[in-house]
Structures are given as C-alpha cells and as structure tokens.
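In our numbering, the protein residues as written are 559 to 737. Everything on this sheet refers to the single structure shown next.
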C-alpha cells in the first residue's frame, strides 16, 4: 500500500522492542494497534490519537476559536475559564497538552503551572498578552515548553502543539527507536 516494506519492517521491529515478542507492554503507554498507526502516520504530521488538549483561558472568544481549530485537527479540547477550573481539569482529565493563559481569575497561570509541575511533566504552552523578554523567560523557567504571545494566529498555535507533541513522543521512545 502506501507504506514501503522497509517502513512496515521498522514498525514491526520497533513494536517488538517496545512490547516484547509476546506482546506484553514494556515501556510505552499505547496498545500495539495505536502504535502502528502512530508510527506509520506520525512522520507526516498527522495525529490520529485523539489527544486531549486543555485550553485554560478566561477569554471565551479565544477559547472557542482554539476549540474549533483543535476539533478540526482531530484533537479533543477541554475548556477551562479560570485557574482553579484548569487545575481541576488537569487532575481529572489527564490532558496530553495544556494551553495555559497567564492572567486568569481565581488562580493565575503561573500558579497553575507551578502546581502542575510538582506532579507532572505534561507539555504546557503559555498563552499570554505579556510579550516582554522577561515574561517569556519567566514562563519558560516556570516549566512551560513553549510561549505564544497574544494576539496569535490559531494555525501557528496548532503547529506549535504538534511540534511539542512530536518532541514528547520522541522523548518517551526507547533507545534505538527509529521513525
């Protein structure tokens, strides 16, 4: 079909490395069918895993715009309108990535980020109107994986989400894994 014999042999070899010859999980949080889809499609930049993206922003227009783009790209968006709601959604929904506004009511994005980093390394992309170098550096030092200044183009945010998820996937792949 669409994939060469070499690609399929690589998938099989990597699946044996990850799951063992008997199919038992070694170190990867996907079942074998998801793994095959991910490895075959992933290099093309298509995400079929239906990743959950937490959008934490008190601006309803921004949250809705991002929700529409995320759904269009095959992601499952979870919306939170304030910091407390965002942290609760993180604890209950276990998102694959978080888009986090810095200036939110009830609990600001910095506090949310700090609380999340105490227990998780889930990727976080900061969304904020604060575009000064100091603010960007502070956001990254708090544990954010990327930083996007408002106003932004939703297509760029989607591209950044895909890039961060791609890095996450590669970081969790075992030594010797090849795409």
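C-beta atoms are modelled at their ideal positions from N, C-alpha and C, and glycine is treated no differently.
Do you know offhand how far residue 625's Cα is from residue 678's? Counting from one through the chain shown, the residue named residue 625 turns up at place 67. Counting from one through the chain shown, the residue named residue 678 turns up at place 120. Each residue's CA atom was taken as its position, placing residue 625 and residue 678 some 23 Å apart.
Is residue 722 closer than 9 Å to residue 693 when the C-beta atoms are compared? As a working mapping, residue 693 is identified with position 135 in the chain shown. As a working mapping, residue 722 is identified with position 164 in the chain shown. No, the pair does not count as a contact, with Cβ atoms beyond the cut-off.
Ignore the nearest five residues each way along the sequence and tell me which others in residue 629's own chain have a CB closer than 7 Å to its CB. Here residue 629 refers to the residue found at position 71 of the chain shown. If we look at residue 629 and ignore the five residues flanking it on each side, its Cβ neighbours are 635.
How long is the line joining the alpha carbons of residue 660 and residue 645, rounded to whole angstroms? What you label residue 660 is simply residue 102 of the chain shown in a count that begins at 1. What you label residue 645 is simply residue 87 of the chain shown in a count that begins at 1. So the alpha carbons of these two residues sit roughly 13 Å apart.
Taking residue 632 as the reference, which of 686, 725, 638, 716 has the closest Cα? The count along the chain shown starts at 1 and reaches residue 632 at position 74. Taking only the C-alpha atoms, the option nearest residue 632 is 716.
Quick one: which unbroken beta strand (DSSP E) runs of 3-plus residues sit fully inside the region 611–669? Chain order, please. 634–638, 655–659
Taking all protein chains shown into account, do 16 or more other C-beta atoms lie within 10 angstroms of the C-beta of residue 681, making it buried, or fewer, making it exposed? Taking the first residue of the chain shown as position 1, residue 681 is located at position 123. It is buried - the Cβ of residue 681 has at least 16 other Cβ atoms within 10 Å.
Tell me residue 685's beta-bridge partners as DSSP assigns them. Taking the chain shown and counting its residues from 1, the one referred to as residue 685 is at position 127. Paired residues: 659, 706.
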